[in-house]
Structures are given as C-alpha cells and as structure tokens.
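Colleague: Mind looking over this structure? Questions follow.
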Amino acid sequence: MAGRLRPLFWRSGLMCPGKQAGEINVHRVDRSQEQNPQHSEQASLYIHWPYCLKRCSYCNFNKYIPRSVDDDVMTECLQQETRTLLQLSQVSQISSVFFGGGTPSLARASTVAAVLETVSAHARLREHAEVTLEVNPAPAGRTALRDFVSAGVNRFSVGVQSLNEASLRVLGRDHDPQQALQTLAEARTLCPGRVSVDVMFGIPGQSVASWESELEEVLRVCDDHVSLYQLTLERGTHLYKQVQQGEVSMPADDVTASMYRSARNVLEQAGFLQYEVSNFARHNAVSTHNLGYWRAQPYIGVGPGAHGRFVPRALGVVHREARTQTLEPDVWMREVQQHGHATRRRIQLSQLGLLEEVLVMGLRMTEGISHQHWAAFSPEVSLHQVLEASADVQDLQQRGVLILDDRGLRCSWEGLALLDSILPVLLLELDTFFHTRRPADGQTER
Ligand SMILES: C[S@@+](CC[C@H](N)C(=O)[O-])C[C@H]1O[C@@H](n2cnc3c(N)ncnc32)[C@H](O)[C@@H]1O
Ligand code: SF4
C-alpha cells in the first residue's frame, strides 16, 4: 500500500481550497465543551503576498500575475488587516511571522517593515521572534535580500525546487540552477543557519537515481533546513493539461515512494533530523512558525486567501474560529478599505473539529501527539479512550505503522510515508467515538 504524500499546503496559513490532507469538517458546532483558553493569547502571524512574475506549470496556489502592483495600497491594506484581526482576537503576543506567497520577495522591504511595525504597535512581538520570508531565485523584480534583513526578516525559505535544468523547465520556473545557487548563497551569508530550501521530487522525467544525485548536490550547498515536496498534479494547472494530453507523464507511485524513502535516508545520513513529513533540520534549525501549525497553536492569517485559527475577543467566547480571507487581491483590498478586514468566512470550530485538526496536524510530526498535548485540547477524553478499542487501529499498530504508548500517538518511520491512508482510519474512530461513546458532559471514563 503506497500512501500518497501531499505537500504541506498549510505550512504558510494558506490552505488551497479543497486540498487539505484529511479534509477537516469545520462546520459542526458543539458548545458543550469549552476549548482551552490558554491557547488564545499567543499566536503566529501569516502574511500572504499574492503576486508572482510568472505562473509555474504545477501551481494552483492563490497567486496572480498582475500588470502592475500598487505597493502603497497593498502595504496599507496588509497593515490595516493585521491591525483589525489583532484587535478582533484575544491575541496579545505574536510568536513568529511568515511572509508567504505568491512571491513575497517581490514586495518592497518597506512593506515588510511596515507590517512588522504594525504588529509591534498592537501586540508584543516576541523577542527574537522568527520572521521568515519566502524567496524566489529569479532576480527580476526582486528586492535585495539584505534590505529584507534590515526590515526585520531573520529567516529565508528559498524556492529552489530543483537544480536540474530540464526539471526547472518542466516546472515552468523562471530561474535556472545557477540563479538558485546564487540566491541560496546570498541568503546564507545574511542569515547563517536560518535558511531553508524547498526541493521537489516526483517531477516528470526524474528517476530515483537522478533525484538522489540532485539531492546530494542540494546537500552540498544548503544550510540547515530542507523541505521536500512531492510534486502533486493539480487540476487547472498547465502541467495537468500536459499530462492529460500525454505530452508528459508523472513518475509512477512506486517510483515516488522510492524517491521519498531514499531522500529520508540520504538526509538522515547527512545529519538532518526529520521532524515532519516534509521537513528536515540539523542543528535544531526547525521552523518554529510551521511547528505552530502542526501543534495546532492559534494563528492569524492576513492577505488575500489567508487562513487563520484564533479565539475572537467577543465577551464570553472561548471557542476558536476558522477564518478565511477573500481570495482575489483587488476585491480583498476593497473590502479591507471598507471594513478594516476582508474575512469572507468565519466558522466556529467545534470540539470535534478542533480535535480532528490536532490529529491531522500532529501526526505529521515525527514526535506525534503526546498525551499532554492531546489533554490540552481534550481534558476529558484521552487518546487511549478514543482509539484503544478499535480493531482497525490495533491492525495499524500490529503492522508497525502506528504507535500508541505511554508517550502518545505517532507514526513509525514506515508509517509516516503512509500517513494519508492512516489518517482516515483515525478520523473515523474519533468521529464514531464522539457520536456514540463519548461520556456525558462532566463525566470521565475510568
Ligand atoms: C506556493 S510556493 C510559494 C513560494 C514561492 N513562490 C516559490 O515558488 O518558491 C510554496 C511551495 O509550495 C510548493 N508547491 C506548490 N505547488 C505544489 C505542487 N503542485 N506540488 C508540490 N509542491 C508544490 C513548492 O515547493 C513551493 O516551494
Ligand atoms: S512562483 Fe511560487 S507561488 Fe508563484 S506560481 Fe510559482 S510556485 Fe506558485
């Protein structure tokens, strides 16, 4: 059984509609259990810059290729929405900030500085808070990286994607391997030990051997953090059309499974510790911002199409809400100018919805979900109570892909590669437990 790995579309608070691994139903509302308010005062912040210079063949993120960008209006709107959402939330401290996109390295450094100033004016920005900027290697239109550092950025995530000329062409990237290497070197000089690279595998034309040698090359030039994404064929993209028309073909599932397996081994041998399905770090250079998502900590999402999860300030409300901002940049700007923010959808997360997120996100991490972590969200019902009696869960444990012990719940090394097929089993158990076996309010099982 080859579990299909999905790239982590959530890592930047930008969830592409309809593509979340283990889709979460946030529509159910359950007021019977109050959610833990201790998680409401600190949050991370995601800022979405929606513009790119060119459309990559595989990408269906929320991005636009405009003729021109009004940087001043965009900056004011990002500041305004940051201000409003901070004021609407119970959040008083921001632990990390992530500028993602689109291509936020096309933004002006003064935009980044202005947003960070707004954060500091309306919340405490934690000392030495991680401030990440996604950077595209193409030099055209890009602000010098050193200006971003002066603006407050202290971590770069460079979208290398591939160091192979032919792969970059298939992906429709607007840079060559040399430009990627230059950008990486520049980023490393400015933020040593705090540079991540995004690399893709499962690209048409790639073999396990060519992928391995490409990864070896990445390892020779990279810093202390690597994010590996399996190329996913997304409907509506140019690549999708090309595959449909037989112009190119995607590698077979067993080939991509081998690529993932060998990459994990190669990275491990190079001293990188895998801490999440797609993420590897050495010298503990983990992304604290992304860890926040996987640990189901609150976050505020600002900008077109951004997502957030936080507790609103309204009197007496302790439930976390899922918020989605308007997708299209011009409409988003108009709404921000009119209402101070452009929240298109607000859904109160039910207790079950929240626990589903804790499960889906937490199992992406190699550490999994500790009992203490689970109890912070579910003080009344333990992981053992939810899962222990299930024959399907026992089967996963016997097959050695899932571990439920004194530490908590996690995937084994083999199991992490099969996460997408493990999660539906666990979500079904959780759902069934909630609807049939959950103790009445105020009671606990022994
Ligand atoms: C949407 S991009 C934004 C950052 C920047 N614009 C770039 O291209 O590097 C963030 C990451 O998502 C990943 N990504 C986007 N679409 C993907 C797909 N269809 N399959 C796998 N990974 C994808 C890429 O690895 C990329 O580095
Ligand atoms: S540059 Fe990044 S966000 Fe823009 S189209 Fe390419 S992959 Fe998507």
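Mapping of the sequence shown onto the UniProt record's numbering: position 333 corresponds to residue 333, and the numbering continues sequentially without gaps.
Positions of the beta carbon are idealized from the N, C-alpha and C atoms, including for glycine.
It should be emphasised that the depicted structure is a prediction, and the values quoted were computed from it without experimental measurement.
#1: Is T103 near ligand 2, going by C-beta to nearest heavy atom under 7 Å?
#2: Below 8 Å CB to CB, which residues in the same chain sit around R188 once its five sequence neighbours on both sides are set aside?
#3: So Q398 packs on C77, CB below 8 Å; how close in whole Å?
#4: Measuring from the CB of N284, is there a heavy atom of ligand 2 at a distance below 7 Å?
#5: Is V29 buried or exposed, if buried means 16 or more other CB atoms sit within 10 Å of its CB?
#6: Indicate the three-state DSSP secondary structure (helix, strand or coil) for R11 in the structure shown.
#7: Which residues does DSSP list as the beta-bridge partners of L133?
#8: Against chain B, with Cβ distances strictly below 8 Å, would Y64 count as a contact?
#9: Determine the extent of the alpha helix (DSSP H) in which V199 is found, giving its start and end residues.
#10: If distances are taken between C-alpha atoms only, which option among F156, E216 and K54 comes closest to G100?
#11: Tell me the rounded alpha-carbon separation between S210 and A138.
#12: Check whether the Cβ atoms of V401 and I369 lie closer than 8 Å to each other.
#13: Is M200 near ligand 1, with its Cβ less than 7 Å from a heavy atom?
#14: Under 7 Å: does the beta carbon of residue 494 sit that close to some heavy atom of ligand 1?
#15: Please report the distance separating the alpha-carbon of F433 from that of L426.
#16: Is it the case that the Cβ atoms of L133 and Y51 are separated by a distance below 8 Å?
#17: Identify which residue in Q325, F310 and H339 has its Cα closest to the Cα of S350.
#18: Whose C-beta lies closer than 7 Å to the C-beta of V243 among residues of the same chain, with five residues either side of it excluded?
#19: What whole-angstrom Cβ distance do L53 and D176 have, given they're in contact under 8 Å?
#20: Who are the Cβ neighbours of L409 in its own chain at under 6 Å, not counting the five residues just before and after it?
#21: Taking a contact to mean a Cβ-Cβ separation below 8 Å, would you say E276 touches M365 in this structure?
#22: Kindly list the residues whose CB is nearer than 6 Å to the CB of I94, restricted to its own chain and excluding five residues on each side of it in sequence; keep chain order.
#23: So, is G292 buried or exposed, given that buried needs 16 or more other C-beta atoms within 10 angstroms?
Modeller: In short, the structure shows the following:
#1: yes
#2: V195 and D223
#3: Going by Cβ atoms, the distance from Q398 to C77 rounds to 54 Å, so no, they are not a contact pair.
#4: no
#5: Summary for V29: the model assigns pLDDT 29, below 50, so the residue's position carries little reliability; its value from the coordinates is reported in the next sentence. Exposed: under 16 other Cβ atoms inside 10 Å.
#6: Only weak support exists for where R11 lies, its pLDDT of 39 falling under 50; the coordinates are left without a value.
#7: F99 and F156
#8: Absent from the structure: chain B. Only one protein chain is present.
#9: Careful: V199 lies outside any alpha helix (DSSP H), inside the beta strand (DSSP E) at V195 to F201.
#10: F156
#11: 24 Å
#12: no
#13: yes
#14: As displayed, the chain neither begins before 1 nor continues past 446, which places residue 494 out of reach and without an answer.
#15: 10 Å
#16: no
#17: F310
#18: L233, S249 and M250
#19: Actually they do not touch by this definition, with Cβ atoms about 15 Å apart.
#20: G368, I369 and L383
#21: yes
#22: L45, V119, A123 and L125
#23: buried
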